[in-house]
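Residue numbers (my numbering), protein chains in the order written: chain A, 39 to 337; chain B, 39 to 337. Quick notes on the structure that follows.
Protein chains: 2
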Amino acid sequence: MKVVPRNRVIYTYSFRHKPVEHVKLNETFAIMTEDAFGGQIKVEKDTVEGLDWSKVDGATGPVFVETAKPGDTLVVEILGIKTESKGVIVTVPKNGILGEKPFGPVTKTMELKRGFVQFEKNVRLRARPMIGTIGVTPKEAEIPTGSLGRHGGNMDVKDVTAGVKLYLPVFVEGALFAAGDLHAVQADGELCVSAVEVAGEVTLKFKLIRREQPEWPVLETEESYSILACGDTLDEAAKYAAEAAAKALMREHSWSFEKAYMFSSLAADLRINQVVDPKKGVRAVVSKGFITLKSLLTA
Amino acid sequence: MKVVPRNRVIYTYSFRHKPVEHVKLNETFAIMTEDAFGGQIKVEKDTVEGLDWSKVDGATGPVFVETAKPGDTLVVEILGIKTESKGVIVTVPKNGILGEKPFGPVTKTMELKRGFVQFEKNVRLRARPMIGTIGVTPKEAEIPTGSLGRHGGNMDVKDVTAGVKLYLPVFVEGALFAAGDLHAVQADGELCVSAVEVAGEVTLKFKLIRREQPEWPVLETEESYSILACGDTLDEAAKYAAEAAAKALMREHSWSFEKAYMFSSLAADLRINQVVDPKKGVRAVVSKGFITLKSLLTA
């Protein structure tokens, strides 16, 4: 199995980066990933004050997907996520949803074992490893791996776990995929700007859907499809997610806008992904009972 | 059992309204409620164009809770919600999260039976009856029952179902409680501004917690506590919900702000209630494994 080492890190999604690996469709491969701080924070006396910010929020890649062409959809099957046994979370003064409050730069390290994250001696959370940054390369712009958009990127969606599929629009030959920023656990919102940041390894497989694309990245779980929208505010992100959901329901059921709009009000849950990245993220979650993948893609 | 009939409707939470019923603590009673349109829309040719808007978004009440005093918390146990067998949903031009789009006033009626909402011939949703408007009377201001705030009101939280408890701060003698606006089903967001609006009957019981109050209404389910915040934007509502969650975690665990802020990022899910009322609503959901009611109240 091909393994991309974690030192093959990029800080922008850009067509200028040379691929570090080529993979075929249906080929299982792995990428190793650094934590969001590039491994700079190891112990609790290391705070963000000493951080080299140019080494933060990297992603491993880019990986060239053979035969992927602009206009296709890259289907990313997340087969497994393994994390190291130690994670870290930080506060960053002036950052996060409560950034207006006065507070200091604090670092907390945590043991991850037997499926739990030990936050304090008597407080532990069930681990739910997820991928914070996962995306493909846009056509022209260079987009920092710490940002997010229609190409994916630093979406910080807690449901991007092992077992799901992610549908990303392909913009350049080979898609030029990269991922990183694993979290051992994160709540919807990621409200302090950091989750349990951890290095690890992700096992993946790619498929392609030819000549059709989703408007926004789409996440498929066992029960539902989620449209992963973003905007400058939560309100804007929610509007984009709602609009994409209504459009997809119109296509699925041959409904008028009004009927799809009504049905979205009953069956499209608007949920917050994160509130702390360069753009805010909202997903519209619709049960597979009401929508199929076909309606989420257009030629 | 005392039953408050559905013609005892108010359109503001106001200390000026005379109580329509007095109930004791632990006394099971019922209130009948009109649908959000005050029963004005019965068939699909009735659209919002002919609506008398002064008769919309009413609540049944107010009910005087014996011995309830300002500074206490009213514990509302929702024992049951029964809905009529026909519901209605509408689009209102210029309204809802996609109000900028051009669309007309459309009305759709639906049968509710055997636990399902029949949206179309071949499209049905599982019914999940909930209370859209539920609240107490503020000290001075008269607040329209179509609005929401620290007193509760038109919060449109889909988790306000039978079996939950709601904790509301008491501002006036007797609390002066009122509720209405049942929905047979609603998704997080209620994005078109209407859900499956339905008349019905709610069975309730009150308890009191003396001389302590939550900052925002708190919802207790079997698994979690949710802080129900609101603001002029989703971003503002999310900030208030996050702040209240962090404060409660500080009290619960005797943590510093930084530690509570970090933990909120891992264990406080920010979820959207609705995006279409006079204020937007966000709830912070925290598992009972991490927080107790005591920390959500202050003297």
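Every residue, glycine too, gets a C-beta built ideally from N, C-alpha and C.
Margin query: Just checking: is the beta-carbon of A/Q156 within a distance shorter than 9 Å of some beta-carbon in chain B?
Written below: Your numbering for residue 156 of chain A matches position 118 in the first sequence. Not an interface residue.
message: Assuming A/E274 is part of the alpha helix (DSSP H), what are its boundary residues?
response: Translated into positions along the first sequence, residue 274 of chain A becomes position 236. Counting along the chain, the alpha helix (DSSP H) containing A/E274 begins and ends at L272 to H291.
Exercise. Can you list, in chain order, the residues of its chain whose CB lies under 6 Å from that of B/K277, leaving out five sequence neighbours each side?
Worked result: Mapped onto the second sequence, residue 277 of chain B falls at position 239. Counting only Cβ-Cβ distances below 6 Å, and skipping sequence neighbours, we find nothing.
By a C-beta neighbour count over all protein chains shown, 10 Å radius and 16 as the cutoff for buried, is B/E178 buried or exposed?
In the second sequence, the residue the question calls residue 178 of chain B occupies position 140. Exposed.
- Task: Note down, in chain order, every chain A residue with its Cβ under 7 Å from the Cβ of B/G142.
- Result: Position 104 of the second sequence, counted from the start, is the residue given in the question as residue 142 of chain B. Correct list: E296.
Do you know how far the Cα of A/V174 is from the Cα of A/F328? As a first step, residue 328 of chain A is located in the first sequence; it is residue number 290 there, counting from the start. As a first step, residue 174 of chain A is located in the first sequence; it is residue number 136 there, counting from the start. In a straight line, the C-alpha of A/F328 is about 28 Å away from that of A/V174.
**Q.** Pick from A/L334, A/T145 and A/Y51 that is closest to A/V86, judged by C-alpha positions
**A.** As a working mapping, residue 86 of chain A is identified with position 48 in the first sequence. When only C-alpha atoms are compared, the closest one is A/T145.
*Which residue's Cα is closest to the Cα of B/N160: B/R166, B/G170 and B/E149?*
Residue 160 of chain B sits at position 122 when you count from the first residue of the second sequence. Residue B/E149 is the option with its Cα nearest to B/N160.
Report task. For the alpha helix (DSSP H) holding A/M300, just list the boundary residues, first then last. Result -> Mapped onto the first sequence, residue 300 of chain A falls at position 262. Where A/M300 is concerned, the enclosing alpha helix (DSSP H) stretches over F295 to A305.
Close beta carbons around A/I127, own chain, < 6 Å, minus the five adjacent residues each side:
Here residue 127 of chain A corresponds to residue number 89 of the first sequence, with the count starting at 1. Excluding positions up to five away in sequence, the list reads K146, S232 and V234.
Using a Cβ-Cβ cut-off of 7 Å (strictly less than) and excluding sequence neighbours within five positions of B/V324, which residues of its own chain qualify? The residue given as residue 324 of chain B occupies position 286 in the second sequence. Contacts found: S262, Y263, A283, A305 and A306.
* Between B/S302 and chain A, is there a C-beta pair that is closer than 9 Å? -> Here residue 302 of chain B refers to the residue found at position 264 of the second sequence. Output row for B/S302: interface = yes.
For this session: Might you give, ordered along the chain, the residues of its own chain that have their beta carbon closer than 8 Å to the beta carbon of A/N64, omitting 5 neighbours on each side?
Result: As a working note, residue 64 of chain A is residue 26 in the first sequence. So the list reads K243, F244 and K245, once near-sequence residues are dropped.
Of the choices A/G134, A/P255 and A/E281, whose alpha-carbon is the least far from that of A/P316? Indexing the first sequence from 1 puts residue 316 of chain A at position 278. Ranked by how close their Cα comes to the Cα of A/P316, the residues A/G134, A/P255 and A/E281 have A/G134 in first place.
Ignoring anything shorter than 4 residues or poking outside the stretch 177-226 of chain A, list the alpha helix (DSSP H) runs there in chain order. none
Practice problem: Could you tell me which chain A residues have their CB closer than 9 Å to the CB of B/Q78, listed as they occur along the chain? | Solution: Walking along the second sequence from the start, residue 78 of chain B turns up at place 40. Simply none; closest approach about 18 Å.
_For B/G218 and B/T171, believed in contact at Cβ under 8 Å, the rounded distance_ = Counting from 1 along the second sequence, the entry for residue 171 of chain B is found at position 133. Counting from 1 along the second sequence, the entry for residue 218 of chain B is found at position 180. Going by Cβ atoms, the distance from B/T171 to B/G218 rounds to 5 Å, so yes, they are a contact pair.
With three or more C-beta pairs closer than 8 Å as the rule, is the stretch 150-158 of chain B touching the stretch 94-112 of chain B? Output reads no: the stretch 150-158 of chain B does not touch the stretch 94-112 of chain B.
- Query: Which runs of the beta strand (DSSP E) spanning at least 3 residues fall entirely within the stretch 62-98 of chain A, listed in chain order?
  - Reply: Complete beta strand (DSSP E) runs here, min 3: 67-71.
Open item on the list: In the DSSP assignment, the beta strand (DSSP E) including B/T105 goes from what residue to what residue?
Closed with: One-based indexing of the second sequence puts residue 105 of chain B at position 67. Taken as a continuous stretch (DSSP letters only), B/T105 belongs to no beta strand (DSSP E), as it is neither H nor E.
| When we look at the beta-carbon of B/K56 and count the other beta-carbons within 10 Å, is it buried (16 or more) or exposed? | Residue numbering aside, residue 56 of chain B sits at position 18 when the second sequence is read from its first letter. Answer is exposed; the Cβ neighbour count stays below 16.
Contact with chain B by A/R309, beta-carbon distance below 9 Å: Translated into the one-based positions of the first sequence, residue 309 of chain A becomes position 271. True, the Cβ-Cβ gap to chain B drops below 9 Å.
- Query: Does any residue of chain A bring its CB to less than 9 Å from the CB of B/V119?
  - Reply: As a first step, residue 119 of chain B must be located in the second sequence, where it is residue number 81. Sequence check: residue 119 of chain B is Ile here, not Val. Taking Cβ atoms only, chain A never reaches closer than 9 Å to B/I119, which makes this a no.
Checklist entry - Listed from N- to C-terminal order along the chain, which residues in the stretch 212-225 of chain A have their beta-carbon within a distance smaller than 7 Å of any beta-carbon of chain B? => result So the close ones are V223, Q224 and A225.
**Prompt:** Going by other Cβ atoms of all chains shown within 10 Å of its Cβ, with 16 needed for buried, is B/P167 buried or exposed?
**Reply:** One-based indexing of the second sequence puts residue 167 of chain B at position 129. Classification for B/P167: buried.
Self-check item: Continuous beta strand (DSSP E) stretch holding A/Y263: start and end
Solution: In the first sequence, the residue the question calls residue 263 of chain A occupies position 225. S262 to G269 is the span of the beta strand (DSSP E), which, as asked, contains A/Y263.
Quiz item: Under three-state DSSP, which class holds B/L334?
Solution: Looking up residue 334 of chain B in the second sequence gives position 296. Secondary structure of B/L334 (DSSP, three-state): helix.
Listed from N- to C-terminal order along the chain, which residues in the stretch 187-211 of chain A have their beta-carbon within a distance smaller than 7 Å of any beta-carbon of chain B?
So the list is empty, because no residue satisfies the distance condition.
* Asked: A/R54 lies in the beta strand (DSSP E); which residues open and close that run?
  -> As a working mapping, residue 54 of chain A is identified with position 16 in the first sequence. It is not in any beta strand (DSSP E) - A/R54 carries neither H nor E in the DSSP assignment.
Using the Cα positions of B/V103 and B/A97, report the straight-line distance between them to the nearest angstrom. Taking the first residue of the second sequence as position 1, residue 103 of chain B is located at position 65. Taking the first residue of the second sequence as position 1, residue 97 of chain B is located at position 59. Rounded to whole angstroms, B/V103 to B/A97 spans 16 Å at the Cα level.
**Request:** Measure the C-alpha to C-alpha separation of A/A225 and A/Q312 and round it to an integer number of angstroms.
**Result:** Position 187 of the first sequence holds residue 225 of chain A. Position 274 of the first sequence holds residue 312 of chain A. One C-alpha to the other measures close to 9 Å.
Considering Cα atoms alone, identify which of A/F209, A/F53, A/R309 and A/T199 is closest to A/H221. Here residue 221 of chain A refers to the residue found at position 183 when the first sequence is read from its first residue. Each of A/F209, A/F53, A/R309 and A/T199 was checked against the Cα of A/H221, and the nearest Cα belongs to A/T199.
Would you identify the three-state DSSP class for A/V42, choosing helix, strand or coil?
-> Walking along the first sequence from the start, residue 42 of chain A turns up at place 4. Strand, per DSSP.
Which listed residue (B/A267, B/A216, B/L334 and B/I265) has its alpha carbon closest to that of B/E53 = Here the question's residue 53 of chain B lines up with position 15 in the second sequence. In the sequence as presented, Glu is not what sits at residue 53 of chain B; that position holds Phe. Per the Cα distances, B/A216.
* Distance between beta carbons of A/P255 and A/G212, contact taken as under 8 Å -> Taking the first sequence and counting its residues from 1, one reaches residue 212 of chain A at position 174. Taking the first sequence and counting its residues from 1, one reaches residue 255 of chain A at position 217. At roughly 18 Å, the Cβ-Cβ gap does not stay under 8 Å, so A/G212 and A/P255 are not in contact.
Identified DSSP bridge partners for A/F244: Here residue 244 of chain A refers to the residue found at position 206 of the first sequence. The partner list for A/F244 (beta bridge, DSSP) reads A/V114.
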